Amino acid sequence: VVIVSLTMSAILVFFIVPLTILFFIYLSNILLLIYQRNSEVKADPLSDVWDSARKAIASFWDIYARIWHGYELHGVENLPEGPGILVYYHGAIPIDYLYFLSRLFLWKKRLCLSVADHFVFRLPGLKLLLEVTGVMPGTREECLIALKNGHLVSVSPGGVREALFSDESYQLMWGNRKGFAQVALDAKV
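Following UniProt numbering, the numbering of the sequence shown begins with 1 at its first residue and continues without gaps.
Here you go:
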């Protein structure tokens, strides 16, 4: 009985939960595509035209976060009203960051542009979701432009390395990655 219970737990943790998250990510993209088609939206993905679609998707992820993980967010009032850089720890699956973005949008009606590794942009079928939620490759120049336009920009200096090799101690693995600090200095944020 114990072995069966452990086996079922392992299957749940290693297969069903990640597949469910992946399913909901693609479902979010499909909802954006439907919104784009029905509303005949041709606007820039970062424009306010997309806010009602963003709100629907953020609401879904916020409910999922509360039910599945009991997610709470504290300290949003400490974020600057203007531009700023948010630096975060990159877990194996940065789902908590997705929850943060959703709650931030719902509470502050604000996008936080996210720097992502190049492989994210090669994932099939996610182009619109990445554009509308403000995910970018994040060169220094792109980050500076985003900050000069008043956006929050988030970066995880540990990136994929931190995601693959970190453990429950949340030890930061930034290596020599200091570009985000230079961007902050250059943008005066």
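Cβ coordinates follow ideal geometry from the N, Cα and C atoms, glycine included. Given the structure is predicted, the values throughout are model-derived calculations rather than measurements.
What residues are listed by DSSP as bridge partners for LEU113? The beta-bridge partner set that DSSP reports for LEU113 consists of VAL153.
Contact check, LEU86 vs CYS112 under 8 Å by CB: the rounded distance? 6 Å
Nearest-angstrom Cα separation, counted from ILE3 out to ASP186: 57 Å
Secondary structure at ILE16, three-state DSSP: helix, strand or coil? helix
Can you name, in chain order, every residue of its own chain whose Cβ lies under 8 Å from the Cβ of PRO18, other than the five neighbours on each side? ILE93
Using 10 angstroms around the beta-carbon of THR133, count the other beta-carbons present and answer buried if the total reaches 16, otherwise exposed. buried
Would you mind working out which of LYS188, SER102, GLU81 sits nearest ALA65, comparing C-alpha positions? Cα-wise, what sits closest to ALA65 is SER102.
Measuring alpha carbon to alpha carbon, tell me which of LEU128, LEU73, PHE24, GLU72 ends up nearest ASP44. LEU128
Excluding five sequence neighbours on each side, which residues of the same chain lie with their C-beta closer than 7 Å to the C-beta of PHE100? LEU73.
How many Å lie between LEU79 and LYS108 at the Cα? 10 Å
Quick one: grab the DSSP three-state call for VAL189. Correct three-state label for VAL189: coil.
For ILE85, which residues does DSSP report across the bridge? VAL153
Closest Cα partner of ASP51 within the set HIS118, PHE105, ASN29: Looking at the Cα atoms, PHE105 is the closest of the given residues.
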